[in-house]
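Notes to accompany the following structure.
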Amino acid sequence: KVLLGVGDPKIGAAIQEELGYNCQTGGVIAEILRGVRLHFHNLVKGLTDLSACKAQLGLGHSYSRAKVKFNVNRVDNMIIQSISLLDQLDKDINTFSMRVREWYGYHFPELVKIINDNATYCRLAQFIGNRRELNEEKLEKLEEITMDGAKAKAILDASRSSMGMDISAIDLINIESFSSRVVSLSEYRQSLHNYLRSKMSQVAPSLSALIGEAVGARLIAHAGSLTNLAKYPASTVQILGAEKALFRALKTRGNTPKYGLIFHSTFIGRAAAKNKGRISRYLANKCSIASRIDCFSEVPTSVFGEKLREQVEERLSFYETGEIPRKNLDVMKEAVVQAEEAAAEITRKLEKQEKKRLKKEKKRLAALALASSENSSTPEECEEVNEKPKKKKLKPQETLQENGMEDPPVSLPKTKKKKAFPKEELASDLEEMATSSISVPKKKKSLPKEEVASEPEEAASPITPKKKRKFSEEPEAAASCTKSSTKKKKKSQKAREED
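Structural data, given as structure tokens:
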């Protein structure tokens, strides 16, 4: 008889139920499994202790990485900071608007009674300025700001018969600048609210569809994160935000609060006084469900939030009229079907976006590769261009090396010119020589070494070593030049004998 040892009792019970094998869990099974883990590298051929340790380490890393998987689009930290900043902006805008009302009220006190909205009042204070300059031409702009023709007409009439004091231009400039700051703050507050709505639709769509973006964000911020909110029971969610009242009631043994932050939702305000506690308890229950769906679903959708909202509406009508609402099971079945369709649609959109992103990435990489290849080819072209003039300069030297005896007469006149210039400069300092200013350097070129030594001027000249260096660098050209110089020496000796 063989017994199957299983470490987990639940898995053992499932195996015994499905397959019919006798399973044993607990007792000696844990010690056997520990021994198998300890000596596993000896039981398996080709497995060493080091490779087993590496495999365990890799498994631990991959498991931990999967558990702490980070999704940028599901970050709730931005929601916490946004709702905190939004609440602070509301307080600041209210304080600054009251300051503008009091300050500008010295000049135009009737405007406070006509306009109640703070942002609109600041825009009007910035636009009107001196009330004495307000006329019929500015009536259209007043209607555009107030969005009401009757109010614009009332402002114009009040400015003509106002009891306010006169104000200087410098004071008006300060009031207008401060009003512009308040207006810019209110505009930024609106843009921040739009950002919060978009962020809540990504992170917690069901919760925002059920209770609203602002209240849902406050619940997440008060709990610390969406995960913490999902872990809270419905009774804690109900009084979340009313901790002071709760502990005060517990201390004085009075009635505990019925609602906390969820009081700002529209449902509790619509309910009757006797039903406020009941609807707050029901709403907290649905908020807890919605937060758990948003936290643990892979593709969050707003379908469940909309269905839960319908249930709360039906419960409200039940408290008022007695109409029996639908069962929760039927509503959730419909929600599951719609959620699957919505999730499939979202995944298709995400796949399309990923394909587009990959195409753009491929195009970008191809463009970068093309640009890098062009950049790598340009220096080679530059080197070729730089090498071409060098080859042109080296052509006469190459022809000299190839032709040897044929081309020396072409190179000799160049050397004559180079040697003639310094000798003429030296002869210019001396007295003029008769009828031989050109022939003398030729004879000096062809003189033997003894005669060259007798003339200190030629010996002192630095031209001869340069000449030797040039010919030493090119052996073939040097040989051709020496032969031509011997011929000239013979010709010069014959000329002397004739003289």
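Under full-length UniProt numbering, the first residue of the sequence shown carries the number 1, and numbering increases by one thereafter. For each residue, glycine too, the CB sits at the ideal point set by N, CA and C.
- Message: Less than 8 Å between the beta carbons of residue 567 and aspartate 294, yes or no?
- Response: As displayed, the chain neither begins before 1 nor continues past 499, which places residue 567 out of reach and without an answer.
- Go ahead and pull the three-state DSSP assignment for glycine 305. helix
- Message: Tell me the rounded alpha-carbon separation between serine 97 and tyrosine 121.
- Response: 8 Å
- Alpha-carbon spacing of glutamate 18 relative to phenylalanine 296, whole angstroms: 29 Å
- Item | Bridge partner(s) assigned by DSSP for glycine 5 | Gln24
- leucine 85 to lysine 359 span [Cα, whole Å]: Their Cα atoms are separated by approximately 39 Å.
- Please state whether DSSP places threonine 266 in a helix, a strand or coil. helix
- Message: Within the continuous alpha helix (DSSP H) that includes leucine 43, where are the two ends?
- Response: 40 to 43
- What are the boundary residues of the alpha helix (DSSP H) that includes methionine 200? 169 to 203
- Beta carbon of tyrosine 319 nearer than 8 Å to that of isoleucine 262: no
- Message: Quick check on isoleucine 80: does DSSP put it in helix, strand or coil?
- Response: Look at isoleucine 80 here: in three-state DSSP terms it is helix.
- Query: Quick one: Cα of lysine 113 to Cα of methionine 165, how far?
  - Reply: 17 Å
- Message: With a threshold of 7 Å on Cβ separation, who are the neighbours of isoleucine 145 within its own chain once the five nearest residues in sequence on each side are excluded?
- Response: So the qualifying residues of the chain are Thr120, Arg123, Leu124 and Phe127.
- Query: Do you know offhand how far lysine 231's Cα is from proline 109's?
  - Reply: About 54 Å.
- Message: Assuming the contact rule is C-beta atoms closer than 8 Å, asparagine 22 and leucine 33 should be a hit. Round their C-beta distance to whole Å, please.
- Response: Contact annotation, asparagine 22 with leucine 33: C-beta distance approximately 18 Å; criterion of less than 8 Å not satisfied.
- Message: So, with DSSP's three-state summary, where would you put threonine 48?
- Response: coil
- Task: Report the rounded CA-to-CA distance for lysine 494 versus threonine 486, giving the unit in angstroms.
- Result: Spanning the two alpha carbons is a distance of roughly 13 Å.
- The alpha helix (DSSP H) with glycine 241 in it runs from where to where? Glycine 241 -> no alpha helix (DSSP H), and no H or E assigned at all.
- Query: Expressed to the nearest angstrom, what Euclidean distance is found between the alpha-carbon atoms of alanine 30 and alanine 344?
  - Reply: 44 Å
- Task: Given a cut-off of 8 Å, decide if isoleucine 239 and leucine 229 are closer than it, judged by their beta-carbon atoms.
- Result: no
- Item | CB of leucine 156 within 8 Å of CB of leucine 142, strictly | yes
- Message: Below 8 Å, how does it come out for the stretch 271 to 290 and the stretch 178 to 187: are there three or more Cβ pairs, yes or no?
- Response: Verdict: no, contact absent.
- Is the beta carbon of alanine 335 less than 8 Å from the beta carbon of lysine 307? Yes; because the gap between Cβ atoms is below 8 Å, this pair is in contact.
- Should alanine 249 be listed as close to the ligand ZN, given that the test is whether its C-beta is under 7 Å from any heavy atom? Annotation note on the ligand ZN: not contained in the displayed structure, which lists no ligands.
- Query: Is asparagine 130 helix, strand or coil by DSSP?
  - Reply: coil
- Message: Taking only three categories from DSSP, how would you classify valine 75?
- Response: coil
- When the Cα atoms are used, what is the spatial distance from glutamine 338 to arginine 270? 29 Å
- Message: What does the Cβ neighbour count give for valine 36, buried or exposed, with the cut at 16 atoms within 10 Å?
- Response: Answer is exposed; the Cβ neighbour count stays below 16.
- Message: Applying the 10 Å Cβ sphere with the 16-neighbour rule, what's the burial state of isoleucine 11?
- Response: Looking at its Cβ environment, which holds fewer than 16 other Cβ atoms inside 10 Å, isoleucine 11 is exposed.
- Message: Quick check on the burial criterion: 16 or more other C-beta atoms within 10 angstroms. Buried or exposed for glutamate 102?
- Response: exposed
- Just the C-alpha distance for leucine 57 and lysine 67, rounded to the nearest angstrom, thanks. 15 Å
- Going along the chain, which residues of its own chain have a beta-carbon closer than 6 Å to the beta-carbon of glycine 241, five neighbours each way excluded? His222, Gly260 and Leu261
- Where do the ends of the alpha helix (DSSP H) carrying lysine 231 lie? 226 to 231
- Task: Classify tyrosine 282 as buried or exposed, calling it buried when 16 or more other Cβ atoms lie within 10 Å of its own Cβ.
- Result: buried
- Item | Distance between beta carbons of glycine 216 and serine 208, contact taken as under 8 Å | For a cut-off of 8 Å, the C-beta gap from serine 208 to glycine 216 is around 5 Å, short enough to register as a contact.
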